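Contents: one structure, followed by commentary.
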Amino acid sequence: MSYSELKSFHGFPFGPELDVIHEVMDMVTIPVIGRVRTGHKLEAMGLQAGLVNLIEEVEYVDAGATEDHIQKHPFKIPFIAEASNLKEALQRITEGASIIRTKFDSDEDAGTSKAIDYAKKIFDEIGKVADGDVITWSKFASESKVPIDLIRMIARLKKLPVPFFGAGNIFLPVDAALLMSMGCDGVIVTSRIFMNVNPEARLRAMKDAIENYDDPDVAVTLMEEMEGMGISYWK
């Protein structure tokens, strides 16, 4: 269920309840992610007590008690955080995020254009840091309010020091392959993929796209099997 659908039921885009999450966890073997509002430490503590596999702090779910993000280091469960640029990514990492994904504003964001744009922006900014000097690093660290040692690490690695995933209404294998080819470590697939007439086949295609994104033969197959584009796919 999307968060826009939850809003229509509950009056605000928040949920599902912890017992529903537990039911899902009992039925699947893949990691289960619990989402919390930005800055809402108590919600995160509740999900940690509920033994979810990961916690995702999401701005669009609804504003928390503060605009400040959760300090994640005290938690034992890894956090996923969102970013639309390198500054946001490094701030979330400084707070203790274990995974960064591209930001999306709502369930209604059509297509993958924002995910692709944000991923490209972050990789471009990483390239500028890698090509910079100590003065450039010091300025970027000061403006971003992050440790300069983290900037030095980015320059040395030429990538984020944590996994970076593309996310944002991604349900087409070709889009997943594109994000992987840009340098993403993985892709978060939208739950709307289960609205497909054959979700199992589509998930297998997504897996092939992510694992073999640089294989031209796989790309041709994905294009031949693609059933729709953009928001019209769901109509």
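Residue numbering for the sequence shown is 1417 to 1651, as defined by this note's numbering. From the three backbone atoms N, C-alpha and C, an ideal C-beta is built for every residue, glycine too. In this text the structure is predicted, and so the values were computed from the model without any measurement.
Checklist entry - Around the C-beta of Asp-1591, are 16 or more other C-beta atoms found within 10 angstroms, so that it is buried, or is it exposed? => result For this step, residue 1591 is matched to residue 175 along the sequence shown. Sixteen is the threshold: when 16 or more other Cβ atoms of the shown chains lie within 10 Å of the Cβ of Asp-1591, as they do, the residue is buried.
Checklist entry - Roughly how many angstroms separate the alpha carbons of Pro-1563 and Glu-1511, rounded to a whole number? => result Along the sequence shown, one-based indexing puts residue 1563 at 147. Along the sequence shown, one-based indexing puts residue 1511 at 95. The straight-line gap from Cα to Cα measures roughly 11 Å.
Next on the checklist: Rounded to the nearest angstrom, what separates Gly-1480 and Leu-1506 at their Cα positions?
Outcome noted: On the sequence shown, residue 1480 is found 64 positions in, with the first residue counted as 1. On the sequence shown, residue 1506 is found 90 positions in, with the first residue counted as 1. For Gly-1480, the pLDDT reaches just 46, beneath the cut-off of 50, and the residue's location in the model is therefore unreliable, although a value from the coordinates is still provided. Distance between the alpha carbons of Gly-1480 and Leu-1506 is about 21 Å.
Item to check | Buried or exposed (CB count within 10 angstroms, at least 16 for buried), Gly-1450 | outcome: Start at 1 with the first residue of the sequence shown, and residue 1450 comes out as number 34. Buried is the call here.
Item to check | Extent of the continuous beta strand (DSSP E) to which Val-1448 belongs | outcome: Your numbering for residue 1448 matches position 32 in the sequence shown. Segment: none, Val-1448 is in no beta strand (DSSP E) and carries neither H nor E.
Checklist entry - If you count every other CB in all the chains shown that lies within 10 Å of the CB of Lys-1488, and 16 or more means buried, which is it? => result Start at 1 with the first residue of the sequence shown, and residue 1488 comes out as number 72. Classification for Lys-1488: buried.
Item to check | Ala-1465 in three-state terms, based on DSSP | outcome: Mapped onto the sequence shown, residue 1465 falls at position 49. Ala-1465: helix per DSSP, three-state reduction.
Next on the checklist: For Ser-1558, count the other beta carbons within 10 Å of its own beta carbon; 16 or more makes it buried, fewer makes it exposed. Which is it?
Outcome noted: As a first step, residue 1558 must be located in the sequence shown, where it is residue number 142. Exposed, by the Cβ-count rule.
Checklist entry - So what does DSSP say about Ile-1626, is it helix, strand or coil? => result One-based indexing of the sequence shown puts residue 1626 at position 210. Residue state, collapsed to three classes: helix.
Checklist entry - In whole angstroms, what separates the C-alpha of Arg-1508 from that of Asn-1614? => result Position 92 of the sequence shown, counted from the first residue, corresponds to residue 1508. Position 198 of the sequence shown, counted from the first residue, corresponds to residue 1614. Distance between Arg-1508 and Asn-1614, taken at the CA atoms: about 37 Å.
Item to check | Cβ contact (3+ pairs, closer than 8 Å) linking the stretch 1613–1632 and the stretch 1565–1577 | outcome: No, the stretch 1613–1632 is not in contact with the stretch 1565–1577.
Item to check | Cβ contact (3+ pairs, closer than 8 Å) linking the stretch 1524–1544 and the stretch 1605–1624 | outcome: The answer is no - the stretch 1605–1624 does not touch the stretch 1524–1544, with fewer than three Cβ pairs under 8 Å.
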